[in-house]
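From first to last, the protein sequence lines are chains A and B. Quick note on the numbering used here: the first sequence kicks off at 3 and runs consecutively. Quick note on the numbering used here: the second sequence kicks off at 3 and runs consecutively. In what follows, a structure is listed as structure tokens, so that the remarks can point back to it.
There are 2 protein chains.
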Amino acid sequence: VDEALLAKAQAKLDNKTKPLGSLGRLEEVGRRFSAITGSLAPDTAKKVIFTFAGDHGIVEEGVSLFPKEVTPQMVLNFLRGGAGVNVLARHSGAEVRVVDVGVDYDFEPAPGLIIRKVAKGTRNFAKGSAMTREEAVAAIEVGIALADEAKKEGVAMVGTGEMGIGNTSPSSAIIAAIAGCTVREVTHRGTGIGDEALEKKIKVIQAGLDLNRPEPQDPLDVLTKVGGLEIAGIAGLVLGAAANRMPVVVDGFISTAGALIASEMHPAVRDYIFTAHNSVEIGHQMMLERIGVKPLLDLQLRLGEGTGAALAMGLIEAGVKILKEMATFEEAGVASS
Amino acid sequence: VDEALLAKAQAKLDNKTKPLGSLGRLEEVGRRFSAITGSLAPDTAKKVIFTFAGDHGIVEEGVSLFPKEVTPQMVLNFLRGGAGVNVLARHSGAEVRVVDVGVDYDFEPAPGLIIRKVAKGTRNFAKGSAMTREEAVAAIEVGIALADEAKKEGVAMVGTGEMGIGNTSPSSAIIAAIAGCTVREVTHRGTGIGDEALEKKIKVIQAGLDLNRPEPQDPLDVLTKVGGLEIAGIAGLVLGAAANRMPVVVDGFISTAGALIASEMHPAVRDYIFTAHNSVEIGHQMMLERIGVKPLLDLQLRLGEGTGAALAMGLIEAGVKILKEMATFEEAGVASS
Chain A
3 VDEALLAKAQ
13 AKLDNKTKPL
23 GSLGRLEEVG
33 RRFSAITGSL
43 APDTAKKVIF
53 TFAGDHGIVE
63 EGVSLFPKEV
73 TPQMVLNFLR
83 GGAGVNVLAR
93 HSGAEVRVVD
103 VGVDYDFEPA
113 PGLIIRKVAK
123 GTRNFAKGSA
133 MTREEAVAAI
143 EVGIALADEA
153 KKEGVAMVGT
163 GEMGIGNTSP
173 SSAIIAAIAG
183 CTVREVTHRG
193 TGIGDEALEK
203 KIKVIQAGLD
213 LNRPEPQDPL
223 DVLTKVGGLE
233 IAGIAGLVLG
243 AAANRMPVVV
253 DGFISTAGAL
263 IASEMHPAVR
273 DYIFTAHNSV
283 EIGHQMMLER
293 IGVKPLLDLQ
303 LRLGEGTGAA
313 LAMGLIEAGV
323 KILKEMATFE
333 EAGVASS
Chain B
3 VDEALLAKAQ
13 AKLDNKTKPL
23 GSLGRLEEVG
33 RRFSAITGSL
43 APDTAKKVIF
53 TFAGDHGIVE
63 EGVSLFPKEV
73 TPQMVLNFLR
83 GGAGVNVLAR
93 HSGAEVRVVD
103 VGVDYDFEPA
113 PGLIIRKVAK
123 GTRNFAKGSA
133 MTREEAVAAI
143 EVGIALADEA
153 KKEGVAMVGT
163 GEMGIGNTSP
173 SSAIIAAIAG
183 CTVREVTHRG
193 TGIGDEALEK
203 KIKVIQAGLD
213 LNRPEPQDPL
223 DVLTKVGGLE
233 IAGIAGLVLG
243 AAANRMPVVV
253 DGFISTAGAL
263 IASEMHPAVR
273 DYIFTAHNSV
283 EIGHQMMLER
293 IGVKPLLDLQ
303 LRLGEGTGAA
313 LAMGLIEAGV
323 KILKEMATFE
333 EAGVASS
């Protein structure tokens, strides 16, 4: 983004009736939103969370507490408005759109469901590559196309979310491969597995990395070999949002894996990302450090779906409103220091 | 609050379509709001932030960057809707009511202004007691009466805020007196004073404590000798909210000084408090530890007015909506683990 725009937005904030800098990260948010969109009075009305859904072959190794059938069941729950992300998106005035980029189930067309299925789930990465390179690219292109369409439609800000039983395993594998850290350092309990299952999950992920040997310098190779279709879709949404100068709010651990792939491909996308919250998943912190971003919230969330993004969108809109709506010292007749 | 109600609310949360505990502090908020109000589907519609305004004799010692006239100027800014708290309260769907409990200015009656002036500011506590015990009690009673009136009116949740040039000094004095720590450990830059002014502020507060010798075991004595009228009003609002089983959202450093006085008087009020955010003011952390509460946000705010409370009210309402609106596994036809 243009540094001059950041300075102009801060100058506008500095004339508001408050001590300099006293609204902290709300000011940072307002300033960055301005610079991303190129406006000192940015619009925030239309907000959309894209919840990408995909299945994972790795589930057959017993890495998750929930059965694979829960992925399509939760998609139907999203479409009926009963899931956590629906409740929180309604609260923030955002719309939820569910993207079937790789669920192993044939959905009927439904309002709020975008069917762009690349494959019926990934393959088990403990036994071979999760995807072909063509599949990974196709799933990224789904995300890019959705960002392009959102921009045309007048969407002011997009958020990421995901649903895919088993998808903390590929997320841990991605950060381990890219950062070169141990699997144990970045692998946690997902939906809530016990100690024994956690040990098994670590072994399975390690086996997948040993077998596939993803190239750390080639984020597309990492994504292809140990990633997921919904993670690829999120990477594409981040890339597309940045290309369209549209702020993108990245949810938790799995979404950040997608944002990490995007930022390894094009470091400049970092300027367009707001990270929503610190996940309970231990690998999240390492991803955030690698991207170089600091989340807005720390509420011990570990649900995914876009729930953290929905909450953060509310805070981001608040920061923009500070920039737009607060009176200046002159307007209010208040003495400045 | 009733422990059985906390357990009932958590049982309701545990049936929702999510892994157990995966909404972290949102679940905590929903559970506590339930227990406070005695309902498993609590109302959150009507939210009011009471911004208490008062002046401070200590300002004549040069402890603040802004002149004393800014207190009434900012009150008028609140009434016109142009201040930070107005912007953020509108965003969260809350109403701002300004309470003149001690401003050194005669306001005309105006919508949104509640005139309950106890005195035209405190006296300089570096030269004697800030208030009489009768004044401190009267200001507390203003807050209690406002909580009673809010309850009768059907307010679901109240927030605290304040305006008073110089009011970080009495707040630092209060926590130093109660916790027995040094003035330096709990004194910071307020609206943004430099190094030299900070040294002077520390000396002035120390002089006030040495002269007045407030009794740490008697919170009303501490409030009387080194406190403020708006801080007393906030203490009263917290006491009154708890007595009425109404959740109270406590803003930053100065508001927490008020909540600290209330919780030292009646430890049970802690169960009714939500703390909004971690202030940049260094004494805030010690107050929070003393009360035994953990704020919801950490956004580097240091404006006061109720700005943090306004943002936190949005998160609290989100937590309550999770409890009320999310589908259960059975309703959604989703397999549980």
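By construction, the Cβ of each residue, glycine as well, lies at the ideal position given by its N, Cα and C atoms.
In chain order, 52, 145, 148, 149, 160, 162 and 250 place their CB closer than 7 Å to the CB of residue 239 of chain A, counting only its own chain and leaving out the 5 sequence neighbours on each side.
Those residues of the segment 290-311 of chain A placed with their C-beta closer than 8 Å to a C-beta in chain B are 298, 299, 300, 301, 302, 303, 304, 305 and 309, ordered along the chain.
By the neighbour-count criterion, in which a residue is buried when 16 or more other Cβ atoms sit within 10 angstroms of its Cβ, residue 58 of chain B is buried. Along the segment 8-42 of chain A, the positions whose C-beta sits under 8 Å from a C-beta of chain B are 18, 19, 20, 21, 22, 23, 24, 25, 26, 27 and 28, read in chain order. Rounded to the nearest angstrom, the gap between the Cα atoms of residue 209 of chain B and residue 235 of chain B is 25 Å.
For the segment 215-248 of chain A, there is no continuous beta strand (DSSP E) assignment of 3+ residues that stays within its boundaries. For residue 337 of chain A, the chain B residues whose C-beta falls within less than 9 Å of its own C-beta are 68, 69, 71, 72 and 75, listed in chain order.
For residue 193 of chain A, the nearest CB of chain B lies under 8 Å from its own CB, placing it at the interface with that chain. A contact is defined here as three or more CB-CB pairs under 8 Å, and the segment 197-208 of chain A fails this definition with respect to the segment 85-97 of chain A.
Looking at the DSSP output, residue 109 of chain B sits in no beta bridge, so it has no partner there. Taking the Cβ atoms as the reference, residue 306 of chain A lies roughly 15 Å from residue 324 of chain B, outside the contact range of under 8 Å. At a beta-carbon threshold of 7 Å, the residues of chain B lying near residue 79 of chain A are 19, 329, 334 and 336, ordered along the chain. Neighbours of residue 251 of chain A in chain B, taken as residues whose beta carbon is under 7 Å from its own, are absent, since the nearest beta carbon is some 15 Å off. Taking 9 Å as the upper bound on Cβ-Cβ separation, chain A lies near residues 83, 84, 85, 86, 88, 89, 90, 92, 93 and 94 of the segment 83-94 of chain B.
Put simply, the CB of residue 236 of chain B is far from chain A, with every gap to its CB atoms at 8 Å or more. Using beta-carbon distances, residue 317 of chain A counts as an interface residue toward chain B, with a partner under 8 Å. Using a Cβ-Cβ cut-off of 8 Å, residue 206 of chain A does not count as an interface residue toward chain B, since no Cβ of chain B sits closer than that to its own. Looking at the DSSP output, residue 99 of chain B sits in a beta bridge with B:52. Take the alpha-carbon of residue 185 of chain A and the one of residue 121 of chain A: they are about 27 Å apart. The segment 98-116 of chain B makes no contact with the segment 240-248 of chain B, as fewer than three CB pairs between them are under 8 Å. The alpha-carbon of residue 285 of chain B is positioned some 31 Å away from that of residue 157 of chain B.
Bridge pairing for residue 252 of chain A: A:277 [DSSP]. For chain B, none of the residues of the segment 211-224 of chain A brings a beta carbon within less than 9 Å of one of its beta carbons. In the three-state DSSP reduction, residue 116 of chain A falls in the strand class (E or B). Inclusion of residue 15 of chain B and residue 32 of chain B in the CB contact set at 8 Å is warranted, their separation being smaller than that value. Under DSSP, residue 18 of chain B shares a beta bridge with B:330. Straight across, the Cα-Cα distance linking residue 4 of chain A with residue 274 of chain A is about 12 Å. Here residue 282 of chain B carries a coil assignment [DSSP, helix/strand/coil]. Below 8 Å, too few C-beta pairs join the segment 311-322 of chain A and the segment 35-48 of chain B to call them touching: fewer than three. The contact set of residue 323 of chain A on chain B, defined by CB atoms closer than 9 Å, consists of 89, 90, 92 and 93 in chain order. Taking all protein chains in view, the Cβ of residue 242 of chain B is crowded by 16 or more other Cβ atoms within 10 Å, so the residue is classified as buried. By the rule that beta-carbons nearer than 8 Å mark a contact, residue 313 of chain A touches chain B. Within the same chain, and ignoring the five residues on either side of residue 88 of chain B in sequence, the residues whose Cβ sits closer than 7 Å to its Cβ are 80 and 98. A distance below 6 Å between beta-carbons, with the five flanking residues on each side excluded, links residue 63 of chain A to the following residues of its chain, in chain order: 128 and 206.
Between the alpha carbons of residue 221 of chain B and residue 277 of chain B lies a gap of roughly 20 Å. Per DSSP, the unbroken beta strand (DSSP E) holding residue 163 of chain B starts and ends at 159-165.
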